[in-house]
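Note that the sequence shown covers residues 1 to 494 in the UniProt record's numbering. Encoded as structure tokens, the structure appears first; notes follow it.
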Amino acid sequence: MGHEMVASNGAGGGRRTTKPHAVVIAYPYQGHVIPAAHLALRLAARGFAVTFVNTESVHEQTARALGVDRHRYDIFAGARASADALDVRYELVSDGFPLAFDRSLNHDQFKEGELHVLAAHVEELLRRVVVDPASTCLVADTFFVWPATLARKLGIPYVSFWTEPALIFNLYYHMDLLAAHGHFNSSKGPPRKDTITYVPGVPAIEPHELMSYLQDTDVTSVVHRIIFKAFDEARRADYVLCNTVEELEPSTVAALRAEKPFYAVGPIGFPRAGGDAGVATSMWAESDCSQWLDAQPAGSVLYISFGSYAHVTRQELQDIAAGVVGSGARFLWAMRPDIVSSDDPDPLPEGFAAACAGRGLVVPWCCQVEVLAHAALGGFLTHCGWNSVLESVWAGVPMLCFPLLTDQFTNRRLVVREWRVGVPIGDRGKVFADEVAARIQGVISGEEGQQLRQALKKVRAKLKAAVAPGGSSQRSFDDFVDELTGRCGRTLMS
Numbered sequence: 001m002g003h004e005m006v007a008s009n010g011a012g013g014g015r016r017t018t019k020p021h022a023v024v025i026a027y028p029y030q031g032h033v034i035p036a037a038h039l040a041l042r043l044a045a046r047g048f049a050v051t052f053v054n055t056e057s058v059h060e061q062t063a064r065a066l067g068v069d070r071h072r073y074d075i076f077a078g079a080r081a082s083a084d085a086l087d088v089r090y091e092l093v094s095d096g097f098p099l100a101f102d103r104s105l106n107h108d109q110f111k112e113g114e115l116h117v118l119a120a121h122v123e124e125l126l127r128r129v130v131v132d133p134a135s136t137c138l139v140a141d142t143f144f145v146w147p148a149t150l151a152r153k154l155g156i157p158y159v160s161f162w163t164e165p166a167l168i169f170n171l172y173y174h175m176d177l178l179a180a181h182g183h184f185n186s187s188k189g190p191p192r193k194d195t196i197t198y199v200p201g202v203p204a205i206e207p208h209e210l211m212s213y214l215q216d217t218d219v220t221s222v223v224h225r226i227i228f229k230a231f232d233e234a235r236r237a238d239y240v241l242c243n244t245v246e247e248l249e250p251s252t253v254a255a256l257r258a259e260k261p262f263y264a265v266g267p268i269g270f271p272r273a274g275g276d277a278g279v280a281t282s283m284w285a286e287s288d289c290s291q292w293l294d295a296q297p298a299g300s301v302l303y304i305s306f307g308s309y310a311h312v313t314r315q316e317l318q319d320i321a322a323g324v325v326g327s328g329a330r331f332l333w334a335m336r337p338d339i340v341s342s343d344d345p346d347p348l349p350e351g352f353a354a355a356c357a358g359r360g361l362v363v364p365w366c367c368q369v370e371v372l373a374h375a376a377l378g379g380f381l382t383h384c385g386w387n388s389v390l391e392s393v394w395a396g397v398p399m400l401c402f403p404l405l406t407d408q409f410t411n412r413r414l415v416v417r418e419w420r421v422g423v424p425i426g427d428r429g430k431v432f433a434d435e436v437a438a439r440i441q442g443v444i445s446g447e448e449g450q451q452l453r454q455a456l457k458k459v460r461a462k463l464k465a466a467v468a469p470g471g472s473s474q475r476s477f478d479d480f481v482d483e484l485t486g487r488c489g490r491t492l493m494s
């Protein structure tokens, strides 16, 4: 890491063509870092010199999860040392807070820093690593509030990287339309509750299926301010890359393409590319569950995880735990130490371990992709984070959906209503043990599970076809690379 890793593009004498240089900046949450890291590898595999920018905090947490020295660790060292010798440099930037600052416990303070402080640190770094503006582009997560502004300052194109479905980008992109019709942030009183039918590319959506931040009546929170500013910036993006598949969201993707250069290039990170094995992006130490899974019958295990960021209440967790006990199913539960709160490390109900003895395993964290791919898996009780949805579909595992915040309610709509590869188990504050138990039994061993698996075969086939040679996502990525190479590659005389 450091300045010595950022060399100017191109080498040799005579007539030469500079490598296009992509500066990829990951949003500081695991669910965003993972696809950003895989995107960086894909760009490097296509001939880009890539500078990947991580926050010092995420880097430190990743190094700690691996048990390695953060001062020496470089997540792309393996990719550079691979047979492909990918040109990926690694840089760190401060988010404005000390490493010891608890960003989970002090969420709003952390987000205020993201809104007001981070841009200055990023600009300082960009002025150092952007050696040749004519051959450089900025690839930054859509949720950042400064990319278009900084890109214009430096004279480089801005590629907005959207890690969620096109549907959610589209709804945020048209917040003003929702407001004008009274479904969001209305000055005329409480938001309307009737079906929304006027958003381009979205035939119909119910208000309760919107992202949680578009269901709120108080829109003055720091997160709302971030969303408003981020999408002001996104409207000024030169290109948008989206981690989705055109065949899964055809009308939405078509509508967004009519607005600006929009490329559906997902699912990013599947299948794993040659250099991917050298990239560790987990912010939690992973337990090896393979031996326990190997001992379970095929299709018998329920995997439970609520992702790397979202929190549940103690009551919600205990109601779900009671449902797991009542279902009688075998289960593997990845339970983050801060799933309820950083200061509540043991939220499971008393007697849970004894009631589930011999049929369950609770671990702090695990490699989700490996777990979902195991033959023992029969279902996934998930918060419906987009990475989790894609990973579950890729593995052919039906989902039980318990969304917690932000995009997850809208992701559930895709999973349950549109693709029919999952079932709901309740909403926040409205989850009941009996319903959870019945849903688990239906998915793991009932007719409901058989129907979901049949639907999964079709959706999974679309994912796999999209990233195969000639598939829609592969073609879209090719088009994007050609466009950006033409814009950022230059022939020079030396």
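Built from N, CA and C at the ideal position, the CB exists for glycine as well. For clarity, every value in this text was computed on a predicted model and none was experimentally measured.
C-alpha distance - residue i paired with residue j, whole-angstrom precision
i	j	result
residue 150	residue 138	9 Å
residue 473	residue 335	33 Å
residue 442	residue 243	31 Å
residue 492	residue 291	With a pLDDT of 39 at residue 492, under the threshold of 50, the modelled position of this residue cannot be trusted; read the value that follows with caution. Each residue's alpha carbon lies about 56 Å from the other.
residue 350	residue 327	18 Å
residue 298	residue 373	12 Å
residue 218	residue 208	16 Å
residue 124	residue 100	23 Å
residue 486	residue 477	14 Å
residue 261	residue 202	19 Å
residue 475	residue 267	13 Å
residue 508	residue 294	Residue 508 lies beyond the range of the chain shown here (1 to 494); nothing can be said about it.
residue 362	residue 288	12 Å
Coil, strand or helix - residue i by DSSP
i	result
residue 297	coil
residue 67	coil
residue 19	coil
residue 210	coil
residue 82	coil
residue 488	helix
residue 34	helix
residue 185	coil
residue 378	strand
residue 273	The pLDDT assigned to residue 273 is 47, lower than 50, so where the model puts this residue is not dependable, and the model offers no usable value.
residue 75	coil
residue 399	strand
residue 192	coil
residue 467	helix
residue 255	helix
residue 178	helix
residue 353	helix
Residue from the options with nearest C-alpha to residue i
i	options	result
residue 73	281, 451, 109 and 247	281
residue 58	386, 84, 174 and 91	91
residue 20	94, 113 and 133	133
residue 169	397, 233, 76 and 67	233
residue 206	196, 213, 368 and 200	196
residue 393	253, 245 and 315	245
residue 191	214, 283, 171 and 127	214
Proximity test, Cβ basis, 7 Å: residue i and chain C
i	result
residue 65	Note that chain C does not occur in the displayed structure, where there is just one protein chain.
Item to check | Segments assigned beta strand (DSSP E), at least 3 residues, entirely inside the stretch 97 to 173 | outcome: 136 to 141 and 158 to 162
Next on the checklist: Under 8 Å: do the stretch 128 to 143 and the stretch 21 to 41 share three or more Cβ pairs, one atom per stretch?
Outcome noted: yes
Checklist entry - What residue ranges within the stretch 226 to 250 form continuous beta strand (DSSP E) runs of no fewer than 3 residues, ordered along the chain? => result 239 to 242
Next on the checklist: Count Cβ pairs between the stretch 79 to 93 and the stretch 298 to 307 that sit closer than 8 Å; are there 3 or more?
Outcome noted: no
Item to check | alpha helix (DSSP H) runs contained entirely in the stretch 402 to 463, provided each spans 4 or more residues | outcome: 408 to 412 and 433 to 445
Checklist entry - Within the chosen definition, does the stretch 41 to 49 reach the stretch 161 to 176 through at least 3 CB pairs nearer than 8 Å? => result no
Checklist entry - Should the stretch 106 to 116 be called in touch with the stretch 218 to 225, which here means at least 3 C-beta pairs below 8 Å? => result yes
Next on the checklist: Whether or not the stretch 175 to 185 and the stretch 235 to 250 are in contact is what I'm after, with contact meaning three or more pairs of Cβ atoms, one per stretch, closer than 8 Å; do they touch?
Outcome noted: no
Item to check | At least 3 beta-carbon pairs within less than 8 Å: the stretch 423 to 443 vs the stretch 396 to 413 | outcome: yes
Checklist entry - Any contact of the stretch 342 to 357 with the stretch 454 to 464, i.e. 3+ C-beta pairs under 8 Å? => result no
Item to check | Cβ pair count under 8 Å reaching 3, the stretch 465 to 472 against the stretch 348 to 367 | outcome: no
Checklist entry - Would you say the stretch 432 to 442 touches the stretch 410 to 420, given that touching needs at least three Cβ pairs under 8 Å? => result no
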